[in-house]
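In short: position in the sequence shown from 1, add 365, done, that's my numbering. All C-beta atoms in this analysis are idealised placements derived from N, C-alpha and C, irrespective of residue type, glycine included. Owing to the predicted nature of the structure, the values given are computational and were not obtained by experimental measurement.
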Amino acid sequence: MVNESRILAEFLELVQIDSPSGSERAVAGVLTARLEKMGFSVREDGAGQSTGGAGNLIAVLPAAGGDAPLLLSAHMDTVEPGRGVHPVVTDGVVRSSGDTVLGADDKAGIAAILEAVRVVREEGITHGGLEVVFTIGEESGLWGAKQLDTSRMQSRLGFVLDGEGGPGCIVTQAPTQDKIGALVRGRAAHAGVNPQDGINAIQVAAHAIARMSLGRLEEDTTANIGVISGGKAINIVPDACNLLGETRSLDGAKRRALTDAVCRILRETAAEFGATVNISTETLYQSFVLAPSDPVVQVAVEAAGRLGFKPELVKTGGGSDANIFNQKGIPTANLGIAMQKVHTTEEYIRVADLVDSARWLVEIIRRAQA
């Protein structure tokens, strides 16, 4: 059975290892040693070459009586501020000391996977082989999962432990996302002497943004302008302004149409003011939809039910490595692990939920062979 003191101790150890995106080397070394000790063969790919950090860890445990390999995955990186984390346990809840994130996103997922594998080995549970993938750069655009070569992997089903909600919550729909960058070019002039000779790039950008439909546009579709920068001094009409934004939707056609609309507004507004605009767009990941009848969903639902957890199939507005695994042909669900207030210094997780996540994963491994 899941050992509460063991999983808690491991989680506390992991969150104290600095691993912001691009700096996963230290935690990758610890996890490699731990996985090898549990009988896995571990290799590191070259996904980290561009950052100079660690790559993805791909660990394989041979089958024990079963014939249905499973992919289990979580990401090693955390958001900032994530250096020098000091976890505090009070009344069954783990928080940071308040100056950093906790890093439960996603070290709670890592700890749950490690503990579940230990229980599977200790109890001699039949399985068809386990492929554990700990990715890099999830928080910086799913970078590690995108670079992962899945052609050598045998898994028929996958489970990412990085979801919203508690044990029993299964993310079966997630959006596709476009990143939009724009550089508005105007004309510089002295703001007090001859402003009429200038074209204010910030003003152009502001007018364009005011014309855009932003926020939640439909239940499954959102848009945002999240970064704007420009100007050099208060006495200069700014000749350049940068914008960064995004569009998301569960429906790829809606996402494309929304991105096109944002780009059209930028071009039309720039032309009205006599400015120019250079626009770049990139689709960061595709959406996925899993049906209730899909085996990966059925296994998770049955396992939750066996433990008394209420299965809940949900859609999310955020992307995860599950988007990439599904895109690469491995049906993958994202499991809720009850991390709360992620990406803030108020992040926390309940010890009981950490334990239940590992219990659920053990039962998933068991049910996958039933």
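Item checked: Which listed residue (430, 467, 478) has its alpha carbon closest to that of residue 715 -> 467
Next item on the list: Return the chain-ordered ranges of every alpha helix (DSSP H) run that is complete within the stretch 565-615 and spans a minimum of 4 residues.
Entry: Qualifying alpha helix (DSSP H) stretches, in chain order: 566-576.
Check: Taking 7 Å as the line, does the beta carbon of residue 730 fall inside it for any heavy atom of the ligand PLP?
Finding: Ligands displayed in this structure: none; no statement on the ligand PLP is therefore possible.
Notebook entry, point to check: Short check: CB of residue 623 to CB of residue 634, under 8 Å?
Noted result: no
Next item on the list: Classify residue 511 as helix, strand or coil using the three-state DSSP reduction.
Entry: helix
Item checked: Other residues of its chain near residue 432: CB distance less than 7 Å, five sequence neighbours each side excluded -> 493
Next item on the list: May I have a chain-ordered list of the alpha helix (DSSP H) segments no shorter than 4 residues that lie completely inside the stretch 454-495?
Entry: 469-487
Check: Based on Cα-Cα distance, which residue from 482, 497, 496 lies nearest to residue 490?
Finding: 482
Next item on the list: For the stretch 528-544 and the stretch 561-572, state whether three or more C-beta atom pairs, one from each stretch, are separated by less than 8 Å.
Entry: no
Item checked: Segment contact flag, the stretch 715-724 with the stretch 371-381, C-beta cutoff 8 Å, min 3 pairs -> yes
Notebook entry, point to check: Comparing alpha-carbon positions, which option in 617, 667, 650, 605 lies nearest residue 643?
Noted result: 605
Note to self: Using CA atoms only, rank isn't needed, just tell me which of 553, 418, 661 is closest to residue 441.
What the structure shows: 418
Next item on the list: Return the chain-ordered list of same chain residues with a C-beta closer than 6 Å to the C-beta of residue 586, the five sequence neighbours on each side being excluded.
Entry: 614, 619
Notebook entry, point to check: Is residue 719 helix, strand or coil when you go by DSSP?
Noted result: helix
Notebook entry, point to check: Residues in its own chain within less than 7 Å of residue 664 by CB, not counting five upstream and five downstream?
Noted result: 522, 729, 732, 733
Next item on the list: Locate the beta strand (DSSP E) running through residue 527, then write down its first and last residues.
Entry: 522-528
Margin query: So within the stretch 649-684, which uninterrupted alpha helix (DSSP H) runs reach at least 4 residues, ignoring any that extend past its ends?
Written below: 660-671
Next item on the list: Alpha carbon to alpha carbon, how far is residue 414 from residue 478? Give it in angstroms, no decimals.
Entry: A direct Cα-Cα distance of roughly 26 Å separates residue 478 from residue 414.
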